[in-house]
Every structure is written in structure tokens, then in C-alpha cells.
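Protein chains in written order, with this note's numbering: chain A, 1 to 556; chain B, 1001 to 1546; chain C, 2001 to 2299; chain D, 3001 to 3348.
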Amino acid sequence: MPAAPRSARPAALAAGLLATTLVLAGCAGSPGGGTAGSGTAAAPVSGGTLVYASGDAEPTCLDPHVGGNYPQALVAGQYLETLYTKDDDGAIVPWLASGAEVSDDGLTWTLKLRDGITFTDGSAFDAATVKANIAHLQDPDTASSTGYLAVEKIKTMDVVDDTTLEIGLSSPDAALLESFSMPWVAMESAKALKRSQAENCASPVGTGPFKVAAWTKQDSVELVRNGDYTPPVPGAGHDGPAYLEGITWKFIPEAATRYAALQAGTVDMIDNAQPDTIKAAEGSEAIGHLDAPRPGASNRIELNSSKAPFNDQRVREAFVRAVNVDDGISSLFFGTAKRSYSALSSVEPMGYSDPALFGRDLDAANRLLDEAGWDQRDAAGYRTKDGKRLTLAFPVSTNQSVPAEQSLFQQLQATAKEAGFEVKLNLLDLSSWYGVLGENQYDLVSAPYTKVGPDVLRTLFHTSNTIPAPSGYFSNHAQVKDPKLDALLESASATTDQAERKDKYTQAQQIVLEGYYILPLYDQQNHFLYRRQLQGVGATTAVASPTFHDTWLARD
Amino acid sequence: MSAAPLLRVDGLDVGFGSTAVVHDVSLRIGRGECLALVGESGSGKSVTARALLGLAGRGARVTARTLDFDGTDLSTAGQRAWRRLRGSRIGLVLQDALVSLDPLRTVGREIDDALRLHTGLPAAARAAKTTGLLEAMGLAAGDAGRRAGELSGGMRQRALIAAAMALDPDLLIADEPTTALDAEAQAQVLDLLAGLRAGGSSLLLISHDLAVVSSVADRVAIMRGGRILEQGPTEQVLTAPEHGYTRMLLRAVPAGRPRGTRLSTVHAGAPDPRSGASHDQQPCPAPAPGAPALEARNLVRTFSTPGGGILHAADNVSLRVEAGRTLGLVGASGSGKSTTARILLGLESPDSGSVELFGQPWVPLPEAARRPRRTQLGAIYQDPLSSFDPRRRVGAILADALSSAAVGQARGADDVATLLELVGLDPDLAGRHPATLSGGQRQRVAIARALAPGPRMIICDEPVSALDVSVQAQILDLLDDLQARLGLGYLFISHDLAVVRHVSDRLAVMHGGRIVESGPTEEVFADPRHDYTRALLAASPTLASG
Amino acid sequence: MDDTRLQRGPRRGPRTGPHRSRLREPRRRAGLLRARAAGPVLAALASLFLLLAAVAPGWLAPTDPLAIDPAAAFQAPSAAHWLGTDESGRDIYARIVHGARPSLLIGAAATGLGLGLALVLGLVAGLGGRLLDAGVGRIVEVLLALPGLLLALVFIALAGPGVATTIVAVGLSTAPGYARIIRSQVRSLRGSPMIEAARVLGHSPARILARHLLPNALGPVMVLATLGIGQAVVWASALSFLGLGEAPPAPEWGAMLAAGRTYLGFAWWMTFFPGLAIVATAASSTVLGRALQRRAVAA
Amino acid sequence: MTEQALPGLPGGPGGPGDRAEGGLPHPGGTAVVPGRPWRAAGAWLLRRVGSAVFVLWAVATLIFLAIRLIPGDPAEAILGGPGSQASAEALAAARLEYGLDEPLWVQYLSQLGRLATGDLGTSYALRVPVAQLLTEQLPGTLALAAGAWVLAWVLALGLALWSGLGGRGAAVVGSALEIAAASVPHFWLGSVLVLLFSTAWGWLPPVSNGTAAGLVMPIVTLALPLAGFLGQVMRESMLTAMTSPFALSARARGESEAGVVLRHALRHAALPGVALSGWALGSLVSGAVVVESIFARPGLGRTLLQAVTLRDVPLVTGVALVSALAYVVVMALSDLAERAIDPRIRDR
């Protein structure tokens, strides 16, 4: 696995060459053959329409401020841009902004913006726009969840001049720039934001290389080239508008159909590629593979520590020790996913990993359960205590867990039974799933969470996040309520010194891992397959969604 | 026959699988001659007729020593040759044109098909010819645009004949052409057929009814069990039948047989039903013969038709059945006989009018009040099979009927056996399903069921219409016997004048929902007063020899 | 052609003459009878297998349908695994056999529910007066206007997915069709000579209903149930397929098929065999139902 | 069985048995006063419109009641069920918008009033007027359903013809084919077709791509099971017609077997198919849900599925109403078609 993310425009900033990114892209195992940098020396040609097929649920709103999930980020990355972004080394670098300074108390940020950038509706990008965007996110009517959390510490905003915005925080926030790099906090035309939410959802207006032309519900979003576009950062990719005339962004939820469509050439690129198809594509000359693990948290199972039986750490450890994760991952993911032992994604530089905590040890599990009082077994072979069976409710969202992951859960269910756990898997649609979480009717849950930077730990493990946000969502599913951990996370988030931050986050992660609040599985999988005619694939946003400014279609 | 016959058949055999249905049949039909092929159901007469058209059916094995039509050997003819012949040289008319004409196509198109298939005529010429044909059959030119369902029975039968006669075939095969028709329509069609023969066509007339064919046929062939028993000139066969079966058939024809004459040779029932345990106790004492059993006064019943019109099914109907006597109710289909019967049975309420049963009010009356007295009134239907619960065996059906008679009386297998013997059936039949019985046996079971509660009055609605002549004869005799022994009153409903005349003491003629004439049977026959009665009598076929 | 159908012939008004059923065609050859019987025999064998699988799955497939073996995942059909293995190395043959019970139970329960509801509606409409009949007719028409899956989906939208919802949804959506058939069955029986004969004999309405009407109306209903159960299995599996029914790892055919579809190009047997089980169930129930229907008509 | 039950159909609707020759009392002989044709047509139209209004009203009422009968807060249901985690303000707003604080009958009447003016409400999930969404999605489903309907008829009639002409062997094989086709679930058939025609042989695109080729597999998937059902009733009807007395009459007139089939039996075969149109529509709509998902086609079916997953009650109601309206229209058309084919149907 590549150590660094295949990030975007800044990759060019950092390395000066797109090629670097693409070579890295090749690490995933695809022969480097067809991509722009390594294969042909052909010059990029302009024209053609990229047909992209997304396996995610079709967003109900194209403005990622509203709600704020990954499918929105994927498509919005084409027409919206962010104040900051992430470079090849995972460092946060300015994009629409040109820089920022923070006061010594960490409570006041002075944000400097680039000049001369215009939205596709003709309005100019300036400090008032940024203010309007953040205000939009904080407006309860917007019903933002992800973006809302990212900017929740912003209390005041003063437009100093067109390119300067002074931001006042309620408490220091070292993760502010990381937050600004996320598509859910992307900048939209202030003029456009004034329209009704329905209108803005249908055609949000940004500064990106493409713009929304039409949205046929249940079918596709038509994106056309922004002819006036040039990257705000000189030297990031090529100057001038995108090579592609447009992108047809289709929604094909069926994985098998999606891959069949790619094979048939009906579409040029797909996301959410299934492990078996990735493996098949590895042997194919015609199809390339882009592996872009998402930042933020790793994919993990959270153990609800707020109630029995997981309010007992021994039972949590017993579960973690009992289940066989590794065999499942290797057979179900065909080597496309690597086991994680960390709360954070492998692309997060401050991630801390401890494999020793997660080795399978059935004897230890049994011993721990005996100690915890679950020392009886019933006729079905499940452990009991005071006549109560050791049952774990595991609601699974079919929208959030890919089929291979659901299969993995079934395997965990089967192996947990050996130690005497009864795991009750319950496949639910998103709505019911949220409902179950809200009612605290779960013991195990897997909820991916994408956010740039280690501050995601605060989102996932701080006591305050056991309380639902205005949208109704709460993110601390393990329901960790540890004052020591809270203090660590708070001070880490207020610390701008990177070394100190890393130290605090490491301590925090140790508490989480050693307390067996989570069972890390692997990075959030983010695999793309594309036809080799498509060249210059590889650039991604800070949240690892692909961008197509430098992408072009080779004529056969 | 002087000239070579038009059709010569020798040694015709038809079989399906391992079953042979026609054996060694030999026929001759001369030019302009009419041969009647007479037999009861299952005699093989229809299959014979169809074999003459090469249409014996899928899977049929047809062999013949000679199958010669107008000098052409047909025994080796291919499909193409047959098709050239059918319609143009041999025509076929089936019974019941309602199903023999495509119900979805107009009559004109059906006739046109024959012309289109065998002539090169342009459409306009064919249309003209179609009109001509219809008019020749006594139909209007406009009828060409109507469908079978929109025509009356007689009209559509004539249209069917028009289609068969479109190309003046040398031979017309008519398979029961009048069976589904009322007497009047039957007479018209027979006239028409006779006219065709007079025009030079040969005719093969297939029928179960000797009386029908005797007026038209030159020669008659009697068929039974797939064989021809005897054939000869009509006069000779009717007056001097050689074969016992023919004699039996002739005897079974009720036409012209006075009331009380036996029609069958088979003994109808048990000698003395009074000895049967089931009839020791009658719910009511037998009334004196001649006392009113069932009396209807001014019954009116109307239906609104889908088109918005009003149909008078019963229009001021009054009638009286005397105990131990038979009232015949005769009329064409749609005359209101059945509606009247249903009102009398208390199955349907009249708009106005009343019925008394043995002097007690019967209709109108709440069903609950009527139910205890229902044992006094029985009913026999045309199609006994559909009136039996298909899930039950004969014994259960009769036991069920017996149980309704008197509460508290144990009635068992013995009574069932007695009932079966009463109607001349083997008690062993109690274990059979009605569907496995013959038509005659079924009707006997139906009669036994009607008798089970011990009624004094029975309404018989077309009880013999679905039966072969010989079986009909047995059933009529049985009914006669039972009346004599049990003192039953009958209301006998039929469209068949000959049958009604044979069984009735008094007669009521129904037409358009009204009783147009009534009186003692022989008086009505001798001196019909109403036009309709006269027309009905004229149309009724009788044995030519009778 | 069907001689059974000709036997229904002679039931006409008085106009009908004696020889109406003369068009009866002679028996067919024995060979053809054998060919026609082959379908029902095959169907009966398949149904027997399914029933056995539902009653004693362990006897037909001793392998645990839930036992995982990641090392043996995605194995093509072989001697060890007749129908291959799925993504967790579970034996597909065992899962199909063990899946018969939930699939058939859902199908049977849904059909039972649908028929029960239809019986009530059909009897009310068939026995009630003109107003009741028209009223029920309207209800049935409204239910018919909502196509099966739509009705099921609306129901799921309101009540949430699950096995019970599936049963109710499929039952609800099949009820109107049955109701119409039962209604017209009851109507035609009610006016039939058989019932009139019973009335003329003086039997009470309750006795006629219990002894004649219901038993005769129920025969065809049982045929319908046989016909319907296969389709109910298909419907229920469609809901599972859409992720709205029984959930894995329970061996339910629709859910197995849905899980297999992900690996369509890679492990076809995961999709193919569960689908085949559904088709076999539906087809054999149709063939059996029609054979029963033919027997009922012939009787 | 008196009623011709459609073999294998759970929803086997009333077949031609519905109008079997009536009971005893009205034999055809007596003259019937015919109504004036324009009055009959007017009455027919009035009856149809009346029944359409009734069905739509009943569907709307049913869903209205269902939302309120299901335990839980209707406002929450409107906002997407318990999972929506709707805030107190949002719930209050929804209550206000939908007038949920009003007495039930006021709510009911005002909803009916909105529907009567064509206002289907706004989709909770997509924040777009439902009417607009349906207008967008309808053409895709129409094209799919119409294509499948035509193909199913062609196949069913073809099978019926072949059975009619091909003798017993053909009838047995035809029957087996029909039962197999009718037993195949859409979702399996679609998968197998994709596997063969796209993945293995690469002949057809596996998803809708705007071309005619992209429509082939969805249409075939949707049509085959329907063709199986239709084929069963059509073949029965065809064979009955082929052995009927009028077919014998036609043969005796010199008509060839092909002539008997084409001129006579075919129409009789088509009749039950037409009578089943309402049911066929239901099967197509149900099938479209699955087929549109598998082949990633835009349309009402996919909209419905999404609306169901999101608990988008206004949208679900809208789809149900459109489908009910389509049913009513199709029933009227099939009634007209039946009258055209079969003049025996006067009044039903």
C-alpha cells in the first residue's frame, strides 16, 4: 500500500509532476500501462465525455452542505472547490485560500483568500462568500451534519476586506484547516445559496473545473466543462479548463451491473469496485485500478460501552479476541484490503497502530468471559449469566456496508459463536438503522466516518458526541465517556504544535484501543476501476474522491 | 338407384387408439337422394359423417374398402384434395349454430369464407352472392353483418346452412341440424332442407329422432354401437322394422302415443313401492285425486334487460295442478316456463300473484315458513348431474335428501336401497359417483332424490330433454308408474309437444310469458283455439308412418 | 381437445337438445397421456424433495448451512460441494436445502393469509346481497389497482421491512385475485342447480352453506393455493432480493441470490442455483396445481 | 372450476368466466329494447370515470389511513420514519405544513382537496414536487413497459399459434416453456441475461445507455414471465377454439388448418389476453421495480424503491396514485378492446 494519499492538485505543487501521483497509483497492483505519466508519451487530447458510474446511493441533494455524505463529496468534487486541500504527504495546503494565521490564544484565525476567482454564475469569490458559506452550514434549516460539525467552533466572522476574513472560535481548533479541506465545507456562490434549497440542491454553483448542467433523477447528473477554469494554484495540473467536455455521472447501485457496464464499455469508470472484480481487473489490459483509502477513521466495529454486556471491558476484549477477522478479510477482499489495527486510516500521519491487542485468542476470550460472570452455556451453546443469554445486537446498514463487509460480519458472527456470543445481525435501510442507533438498541455497529485529520478522534470518542447533533446524528457510537480521553482530545485539538499534537493523539488512541472500544478492520475502502482509454486518472480531493481536471480520453 | 350413386362407402372403419368406434359401415347416397342416419348417442353416426369429410379428428384411424365420391376415390386423398372437396362439393351443417358459427365473426364473413376459398370471385361479387344466399334462406341482407349471437336459433341455423350451401355442393351432410331448435324453427329448417333436396342436392341427415327424419328422408339407416343395423326406404323401416332395436326405437317415440301407453319394454321400477319402509309415513295424507295440489294465481315476474328494456317472463300466469294428475306446460324456449317453475318452487319471488300448495299459502311466504313444508313439493331437472353435489356418492345424495324429510326418524342405508329400487336401480349404485353413471341412471337417481322426502307433488322441468329416445321412454314410463303408485301430481314442463301430449292429463301452452291456452290435453290437440297453439302443432314432427 | 373440458358441456337452458355433448372427441392415445403425466410426476417429485427439505433438511444435507470456512470460499461446484460454496465458504447445496423451509413457510403463510382474506371477501360478496357484492367488488378493484410489488412496497414503507411484513405484503397483494375467483365460484354455486336442489329439499341455509357450498367452493381454493404458493415464493424472494425480506446469513433463496449477484461474473453458481430452486418451486407448484385443476374439472 | 383461474397466478383476475352465459331466466329469444348508442357510450364513459375517481380516492384514503394507523408519529413518518431523527422543530414544521394538529377529518379533507387540484405534495427526500418527479420518471417506465407488453404478446401469441398448428408435441413443449417462463423471477432472469449477453459474449450493454440496444435486455427480462402467463391462457383458449364446432364448420368449408388458426382461433386466443390486461399492467409495474434496479434505468419503479427505502411517503403515495390511474386507464382500454373483438360483451 502506498504510504501517501494520491492527492490532488497539491500533488503537483509538492512534486511538480503529475507522474508521481500516477506511479503511486500503480502501487495498487495495476500494471502502470495506460496512464498518462507512465505509459504512452501521447499528449493529452481535449474533448469527449467521461461516463462515470457510481455505486453509492444517488444523493438527494447535490449540495454537500446539506446532510453531508461521501456520495455527495464524490460528485461535488467536480464542481466545488475547497479553501484548503491536502498534498501528497498528507499535509494541509491552501487552495482557494492563500493562507491563514492564528492568534496565540488559538481563538482568532485570519484567513487570506486568493483573488480573481469567479463562480460559474459569474459572481466573485471573496471573504463575504466564505462567510455566507459557513453561515449556510450553521443554519439549522440547511440540516448539515458533517459540515456543521466541522465548523461548529466558529462563533464570529468579520469580513476585513475582499480577501480577508477574521474568524473567531469558541475554543481553539487545530483541525480548522483540515476541516476547510473537506468537500462538505466547499465554497459555493453566495448568490446561488440565496436560492431555495430545492434549487440549490439541484444545481449548486461552485468554482470547479466542471459545472452541473442537468440532473435526471434516478439516472445521472450531467456535468459540463467550466470553460473559464484554471487551477487557482499555479502549476497544479495543467493550466486552463479540463480536457473533458463533460462527465455523465450515472448511478448504478448494482455492483455486478456496474462492473458489467465497465467491461462492456458502456461506462468509463466505476467506484465501489467489488474485491473480486478488482482482482479480475488486475489481470486485464483494458482496465486500470485506483486505490484511494479515505482519510479519517479506519473501518471498524464499535462496541457500545454504555450498556451490558459491553459495559464490561473484559467482555469487549473477549469479543475482540474471539472473532476471526483476518481469514475473512483475506478471502473476501482478495488481498485488496489490509487489516488495520488502528482507529485511524492508514493515510492519517498521526495514526497509531497496535496489532498485539487484536490477535485472535479463543482461550483468552473464554477466560475473560468466565471472569466476567458469563460462565454458563445454554443448550444452543451460547453463554449465559443469570439466565440471560450473551446476545449482541448488530444492526448493519445496507447503504453503508458493502456486500463483502456484510459477509465479513456474518463470518464474525459465526466465529463469535465459538466463544459463546450470540450475534444478531440485522440488515436495515439507512433510516431504520439511524433509528436503532438513536434508541441505543445496539451492541455492535460499523459506521464509516470520513473526515480529514486526526481530529476525527474527537468526533468519534469525545463524551460530547454521545449527544445527538441537530440533524439527529451522534457519532460516538462506542459511547466512550472517559474524562481523561476528553481532556486529551480537547488539548490536542487546541494544540498547533504538530509534535505535541501527535503525542496527545497517540495517547488518546492508546486509550481507545486498549479499552477495546473498537475492533479495527481495514481502511475505508475506496477502489475505482476505469477503462485504459481514460488517461490522467489519479488526482483526488482531500477526502480521496477523484477529480478529473487532468483526465482525458484517448482516442482509439 | 339407376345411375351410379354419388357417394359409395363400403367397409368403413374408424378407430381411435385401440378403440374402434365405427365398424364396417356401408352406405350409398344417390344423386338428389336423402339418406337419414339415425342412432342414439355413442352410436358412431357423427364420426361416420365426419369421416366422409376426412375430418374424423386428430388421431383417428380411418380405413374403408371403398370411399368413392362421384367417381373419385377418397380413401387415399391427401389433405389438399380433401380441402378442395370440402365446402365446394360436400357441405356440412352441425347442430346449434351458436357454437358452429364463429361467435366473434359476422355471419356474412363465414359465408364469404366458403366463396373465397373455392372461387376466384372478387370481393364485391362474393358480397352479392352472400346476400343472395341469405335471402334464399329466408334471411335479410342486413343479417350478413350480424353475428351468431345476435340471431335467433332458427335464423342462425339457416345462416349456417347458407354457408354450407354457398357453392351448391352435391352432397350436404347435416348433423342433427334441428336438435337445438324449437318446434317452429325446426319445421322451418326441415322445410329448407327438403327444398334443397328438391333442388337436386343429395342429403345425408344425421339424427337421433326418427320423427324428425321421417318427413324428409328417402331412406333410413339405423345405427348402433358403430354398426349399421338395418337400412332401407323410410316407409319400410318405419312400418316393417326388421331389427329389434329399430322396433324399440319406434316404440319409444312418444308422438301419437296416448296417455298411459308404455313406451319402453324394460320394466321401470319395483313392483310395489308401498312396501318400502320409507314411505310408511307420509307427512300429509294423500289428497283425493282431482283435488288441487298446486294452484298459481296471476303470477307476474318481469326482468329488466341490459339494454334497458323490460322482459315479461311471467305475465299473469294462472294454473292448477290436481293431485295425482299431470299438467303439461309446453312452450318454446324463452316463453317463461322455467321462470314459472322457479316461482312455483319458491326459488324466486313473483312481482305479484300467489301460489297455494295443497290449499295452504305457499308463495308469497317467508322462506322460514315455507321450509318445513318443502317436503311436499319435489323437483326434477333437465341436467341431473349439475344438481348433484359432485363430491358426494349416490348413497350420500339420497341420504341427504331423506334426512330432510322428517326430523328424528333414523333413515339409513336400507332406505337408500329402497329408494333406488323404487326407481329401478341396483342398490349397489349407492357407492358410485353420479358422474360415472349413464344419463338415464342419473335421471333415475334424481327422481329418487325428489321422492325421498315423500312429496305429493313434483315439478319436472324438461326432465327428458337431454336423454336419448330409448332412455326417455324408460324415464317417462317410470314417471307414469310412480304417479300411479304414489298418487303424485306432476307439473311437466317441456318444449317437446309429443312428450307433453304423451304424459299430460291437462295441457297449458305458454308463449311470451302468458298461458295462451289450456285445457284437457286431447281437447287442446283436437281443437286448438289459439294461433300459437296451432302453429306449434303444425310444426311438431310426427312419424310419417304414424 | 381436452376431453375433461367437454364434459362440462351439457348445462344449458331448455333449448338444448339431447345430443349436445356429441362433439366429444375420442380418447387420446395412451402414449400422449403418458407424456402429459410426465410433467405432474416430475413436479410431484420436485415438490416431495422440497417438502422433505423443509421438514428434515438435515436428512438431505447434513452440512451446517451456516458453517463458514473462509479458506473454502468461492469454490465452483465439485464433488465436495455439489453446487459450490459462497463467499464465506458455506455449502450452497446445504443452504438451498435448508432454505426450503423459510422460503416455503413464507410462501405458504402469505398464500394462507391471502386466501383467508380472499375467502372472507369472496364469501361476503358471493353470499351477500347486491350491495355487499358491489361494495366488496370495489374493494377488490382498489386492491387490484395497486400492483403486487407496489402494494408490498407501500406496506413496507409504512411498516418497515421484515419477514412478517413480507408475509402480510405478499398475502395482501395476492388476496384480490383470489377473492374474485372465490366470489364468482360462490356466486355460480349459489345459483347452481345443486344448491337449488338442496333448497327445494327444504335444507336450511346454514346446512347448505356448510354441507354443499363451502366444501365445493374450497376445492378450487385449494387448487389456487397450490398454484399460488410457488408465485408467493417468487414474490417473497423478490422482496428479499430488494433487501426488504429475510436477511442473511439465514439461508433464504432470494437473499442468497441477492448476495450472489455481487459475484455474478466471478462465481455464477452463487446466483444460478438459488434462482433455479425458486424456478423449480414455482414451476412445480404450477404444474401440480394445474393437474389438480384438471382432475377437479374431470371429476 | 367455473371461473377460468389463470394458472399459476396469485392475482389471477376474473377471466372470461365473469361473463359466462347467464342463469335461467333470460333466454335470448325475446326482443330486447336496444339503448341508443350515444347514450350507451355516454353511460360507459360516466361509469369508467366514476370508477377511476373512486379507485383514486380509495387509494389516497387507504394510504392516508395507513400512515395514521401505523403506530408512531405521522409527522415522523412524513419526514422519513423513526430513522430520520427529525428535530423537534422539523416535526413541528411538518405538523404545521400538513395540518397534523387539526382534527383528522379536516386533515383528510384538505389532503383530498390538494389531490383533487393535482397537488401531490413535495417529496420529503428529494425536496421536489412529486408531480414533477413523476412526470420525469414516467417516460422511461412507459417505454420499458410498452416494449415488454408488445414483446410478451408477440411471444405468447407465437406460442399459442405454434401450439395450435404444431400438434400435440408442440402443445406439450409450449406448455412447458410457458410454465418455465412464468416461474422465472425477474431478478434472476435479468442477472442470467447480463451474465450471458454482456459479460460472456459482450453483445448487449448491461445498463441502459440511451440506445435501442440498451433496452433489449430490460424488455426481454420484463416480458418473458408475462409472456409465460399470457401464453398459458392464450394457448388454452386457442386449443379450445381449434376443437370447437365452429372450427369444424370452417374445416368443412375447406379451410386449411392455418386458415382456421388465423381467421378464427387467433381472436379467441387473444380475448383472455386482453381480459388480463389489468393484471398484466400490475405485473409490468411490479417487474419494473426490479428490472429498473438491475439495469440501472431511470423510471417509476426505481423511484418507488428509493422512496420506500427513504420512507418518502408523499412520493410513495404519488407513485401509487399514478399506478392506480394507469390501471384504471388500461382497464378502460382493455374493455374497449374486448368489446371490439367480442361483440357478445354488451354490458358488464
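Glycine included, each C-beta is placed from N, C-alpha and C at the ideal position. Quick caveat: nothing in here was measured; it's all calculated off a predicted structure.
Under the three-state DSSP convention, the category residue i falls into
i: H527/A; result: strand
i: S464/A; result: helix
i: E3255/D; result: coil
i: T1072/B; result: strand
i: H1511/B; result: strand
i: C201/A; result: helix
i: D503/A; result: helix
i: R2190/C; result: helix
i: K155/A; result: strand
i: A3176/D; result: helix
i: S170/A; result: coil
i: T1019/B; result: strand
Classification of residue i by the beta-carbon crowding that lies within 10 angstroms, buried from 16 upward
i: R1061/B; result: exposed
i: G3042/D; result: exposed
i: R2020/C; result: Its pLDDT being 33, under 50, R2020/C is placed unreliably by the model, and the measurement read from it follows with that caveat. Burial call: buried.
i: A1270/B; result: Because A1270/B carries a pLDDT of 45, less than 50, the predicted location of this residue cannot be relied on, and the following value inherits that uncertainty. Classification of A1270/B: buried, given that the 10 Å Cβ count is 16 or more.
First through last residue of the beta strand (DSSP E) which encompasses residue i
i: D1010/B; result: 1007 to 1016
i: W215/A; result: 210 to 216
i: L1037/B; result: 1034 to 1039
Among the options, the one whose alpha carbon lies nearest that of residue i
i: F2155/C; options: M3238/D, A3182/D, F3064/D, V3194/D; result: F3064/D
Residue-chain proximity (residue i, chain B), Cβ-Cβ < 8 Å
i: R3047/D; result: no
i: R3235/D; result: no
i: I3341/D; result: yes
Endpoints, alpha helix (DSSP H) assigned at residue i
i: I2229/C; result: 2214 to 2241
i: F563/A; result: Since the first and last residues shown for chain A are 1 and 556, residue 563/A lies out of range.
i: F1525/B; result: 1521 to 1526
Proximity test, Cβ basis, 8 Å: residue i and chain D
i: P2147/C; result: yes
Below-8 Å beta-carbon distance, residue i vs any chain C residue
i: A416/A; result: no
i: D1389/B; result: yes
i: Q274/A; result: yes
i: P1453/B; result: yes
i: E3338/D; result: no
i: A1020/B; result: no
i: G3008/D; result: Note on G3008/D: pLDDT 36, under 50, position unreliable in the model; no value is reported.
i: D1415/B; result: no
Residue-level contact to chain A via CB, residue i, 8 Å cutoff
i: F2266/C; result: yes
i: T2262/C; result: yes
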